[in-house]
Amino acid sequence: SVVRAAPAAGDRHLGVGVDIMTTAMLSRSAVAALVSSRVSRGDRGASGARTTIPPPPRRGRGLGARRLPATPRAVGGVASPEEGKQKAAPADATSKAKALKPKSAVVAAALAAVAAEAPVVDAPEDAAIAVVDAPSSSSSSSSNSRGVASLRASVNSPSRRARASSPNPLLSADIARRDVTTKALPRLTRLEKNGRFPVLFYAPEMKALAEKIVEEDIEGGTAVELGSIDWRTFPDGFPNLFVNDAHGVRDRHVAFLASFHSPEVIFEQISVIYSLPKMFVASFTLILPFFPTGTSERVEREGEIATAVTLARILSKIPLSRGGPCSTLIFDIHALQERFYFGDNILPYFESGIPLLLNRIAELDDADNIVIAYPDEGARKRFGVFFKSYEEVVCTKVRDGEKRLVKLKEGEPAGRHVIIVDDLVQSGGTLIECQKLLSRLGAMKVSAYVTHGVFPNASWKRFTASSGAGGQGFYKFWLTDSCPGTAENVSGVAPFEILSLARPIAEALQV
């Protein structure tokens, strides 16, 4: 509080201007006394006219302008010379105090005493007490003494000093709540802020593949760092999702390993996919090993719906990250022309699992006796570019009434290890018919490779030795872990063998 006592020369009233900037250092009684003195700052002169002392005018503009000494002004006009004589100032401060009414005298005496004798009060930086131009002596009346003691006691009390020097617990708590740095946040998964490798989040079904990706040794070190998501549901069944350590992924390259193996899980994963790019990440990559609606890419008669277009449009709405559009890694999409179903906000990157098969073929004992077979002309066009150094066998499907038969179109399988190659398998009926045909034509061994083992309704069991369903004639059946449920079910079951996509994914994620 800044208190100024500035009596004007020639005025028998003491002009007291009180500017309250903070009440931290004044008690209620002191504030009430000062306010009451401002309210009663006018008195009646000898002529009976009531004179008032307005607030001192400011010199200059702004909050920091200095106040000028106040001058008396008569209400209703300018004071006469006779009234000016009657308003001559007393000779000293003591006589001036006697000329005041009791309340004004008490305040004047208190201000004078504080200015002359009061010790300096320890106050916070934003609070101060200053007494300017106060009278140098105080009244000797008992009321004046009580006023001085009250003001001095309120200003210099030990409790007030302690409150001024001690930190405000509420303010401290507020500062703590405003601390939003990474160190102040709970870390459920500790991410290295300056890590040079991307952060990989994953759908629950893809945990095994995600852990294999982390174990891959790329350029003498790990390829990615795993992030975590809490996958929960509300009582009504809708997803309740939470990305752990969202602040830790800022300025990091982020990827999400998705699995759209069932329509029931697409919504919750899309919710995460749409949210991650908005977490101030450097870039965002979606890894979708299997594009499930790829086989529904065309319309042959009016009324059919190409759901491959629908899913491509959904993915094309993924928000932009700081690095630009989302990059999407898809393995062996059913038809390459499906790249044109995606919009400009997504960058589809089509990779293949065939290099995994080529590496595995090189390890076989009869690697020099391999023939590659295709179940139809479409598969030949799709994968023939990978097997230019191998002999080929092409099968075809023909209709015989209500039946669809597989016949040999070209090639010679006799005495060879024939490997049938296709992008995916559903029930496996076509593969079984091809195997039977090739065996009748003299093939020594028949194996199969598909990138995506969909196998709805556990149809993979048709190929096991104990099923008796006609699929027991395969020497090897290779497939990737793009469909996590199938990979888990057939692991360790003959004739199946898993060729993991962990290595090509880890290499694709290098930045």
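The sequence shown begins at 209 in this note's numbering and counts up one residue at a time. Every residue, glycine too, gets a C-beta built ideally from N, C-alpha and C. Keep in mind that this is a model prediction, so the values were computed, not measured.
Are the beta-carbon atoms of Lys589 and Val602 separated by less than 7 Å?
Not closer than 7 Å, so no.
Going by C-alpha distance, which of Arg711, Glu705, Phe446, Ile578 is nearest Ala651?
Ranking the options by Cα distance to Ala651, first place goes to Ile578.
Could you pull out every residue in the same chain whose Cβ sits closer than 7 Å to the Cβ of Tyr598, ignoring the five residues on either side in sequence?
If we look at Tyr598 and ignore the five residues flanking it on each side, its Cβ neighbours are Ile578, Val579, Ile580.
Looking at the structure shown, is Ser483 part of a helix, part of a strand, or coil, going by DSSP?
Three-state DSSP puts Ser483 in a helix.
Considering only the alpha carbon of each residue, which of Ile495, Thr518, Arg458 lies closest to Asp540?
If we check each option's Cα against that of Asp540, Ile495 comes out closest.
Assuming contact is defined by CB atoms lying nearer than 7 Å, are Pro621 and Leu639 in contact in what I supplied?
Between Pro621 and Leu639, the CB-CB gap reaches or exceeds 7 Å.
For Cys642, which of Ala673, Trp668, Ser667, Gly681 has the nearest alpha-carbon?
Comparing Cα-Cα distances from Cys642 to each of Ala673, Trp668, Ser667, Gly681, the minimum goes to Gly681.
Counting Cβ pairs closer than 8 Å, one from the stretch 457 to 473 and one from the stretch 502 to 510, do we hit at least three?
With a cut-off of 8 Å, the stretch 502 to 510 and the stretch 457 to 473 do not count as touching, because too few Cβ pairs lie within range.
Buried or exposed, going by whether 16 or more other CB atoms sit within 10 Å of the CB of Ala673?
Looking at its Cβ environment, which holds fewer than 16 other Cβ atoms inside 10 Å, Ala673 is exposed.
Just tell me which of Gly679, Ile513, Met414 has its CA closest to the CA of Ala463.
The residue with the shortest Cα to Cα distance from Ala463 is Met414.
Kindly indicate the opening and closing residues of the beta strand (DSSP E) around Glu715.
Where Glu715 is concerned, there is no enclosing beta strand (DSSP E), although the alpha helix (DSSP H) it sits in stretches over 710 to 716.
Please state if the CB of Asp689 and the CB of Thr659 are separated by a distance shorter than 7 Å.
Result no, Cβ atoms of Thr659 and Asp689 do not sit closer than 7 Å.
Taking contact to mean at least 3 C-beta pairs separated by less than 8 Å, is the stretch 523 to 532 in contact with the stretch 477 to 489?
Verdict: yes, contact present.
Min CB distance Leu449 to chain D below 7 Å
Annotation note: the requested chain D is absent from the structure, which comprises a single protein chain.
As assigned by DSSP and simplified to three states, the class of Cys691
The three-state reading of DSSP puts Cys691 in coil, since its state is none of H, G, I, E or B.
Have a look at Ser699 and Ala666 and give me their C-alpha separation to the nearest angstrom.
C-alpha separation (whole angstroms): 13 Å.
Give the secondary structure of Tyr683 by DSSP, where H, G and I count as helix, E and B as strand, and everything else as coil.
Coil at Tyr683, not helix or strand.
Within its chain, find whatever has a CB closer than 6 Å to the CB of Thr493; leave out the 5 residues flanking it on each side and keep chain order.
Within the same chain, Ala463, Ser535 come within 6 Å of Thr493 by CB-CB distance, once the 5 residues on both sides are set aside.
Coarse secondary structure for Pro703, derived from DSSP in three states:
Of the three classes helix, strand and coil, the one that applies to Pro703 here is coil, per DSSP.
What would DSSP say about His461, mapped onto helix, strand or coil?
Collapsing the DSSP output to three states places His461 in a strand.
By alpha-carbon positions, which one of Asn697, Asn553, Gly679, Glu705 ends up nearest to Leu687?
Nearest option by C-alpha distance: Glu705.
Cα separation between Ala454 and Ser467?
The alpha-carbon atoms of Ala454 and Ser467 are separated by roughly 22 Å.
Once you ignore the five residues that flank Ala710 on each side, which residues in its own chain have a CB closer than 7 Å to its CB?
Here the set comprises Leu417, Lys420, Ile421, Glu424.
Helix, strand or coil for Ala656, going by three-state DSSP, please let me know.
Ala656 sits in a strand when the DSSP states are folded into three classes.
Based on DSSP bridge pairs, tell me the residues matched to Thr604.
Beta-bridge pairing links Thr604 to Lys615.
Reference Asn553, options Asn567, Ala520, Ala543, closest by Cα
Between Asn553 and the set Asn567, Ala520, Ala543, the nearest pair of CA atoms involves Ala520.
From which residue to which residue does the beta strand (DSSP E) around Ile452 run?
The question names Ile, yet the displayed sequence has Asn at residue 452. That residue, Asn452, is in no beta strand (DSSP E); it is neither H nor E in DSSP.
Where are the beta strand (DSSP E) runs, 3 residues long or more, that stay fully inside the stretch 503 to 544, in chain order?
Considered as a whole, the stretch 503 to 544 harbours 534 to 539 as its complete beta strand (DSSP E) runs of no fewer than 3 residues, in chain order.
Do His461 and Ala431 come within 7 Å of each other at the CB atom, strictly closer than that value?
No, the pair does not count as a contact, with Cβ atoms beyond the cut-off.
Report all residues from its chain with a CB closer than 6 Å to the CB of Val457; omit the five preceding and five following residues, and keep chain order.
Non-local beta-carbon contacts of Val457 in its own chain, meaning distances under 6 Å to residues more than five positions away in sequence, involve Val407, Met487, Val489 in chain order.
Cut-off 6 Å between Cβ atoms - residues of its own chain near Glu290, not counting five sequence neighbours on either side:
Only weak support exists for where Glu290 lies, its pLDDT of 49 falling under 50; the value from the coordinates is given anyway. Apart from sequence neighbours up to five positions away, no residue of its chain approaches Glu290 with a beta-carbon distance below 6 Å.
Nearest-angstrom Cα distance between Leu645 and Val654?
Taking the straight line from one Cα to the other gives about 10 Å.
If Leu465 and Tyr410 are in contact, beta carbons under 8 Å, what's the gap, nearest whole angstrom?
Confirmed, about 4 Å.
Taking a contact to mean a Cβ-Cβ separation below 7 Å, would you say Val593 touches Gln634 in this structure?
Judged by beta-carbon spacing, Gln634 lies beyond the 7 Å limit of Val593, meaning their Cβ atoms are not closer than that value.
For a test of the three-state rule: what should DSSP assign to Asp630, helix, strand or coil?
Note: Asp630 maps to strand in three-state DSSP.
What residues match up with Ser491 in a beta bridge as DSSP calls it?
BP columns for Ser491 point to His461.
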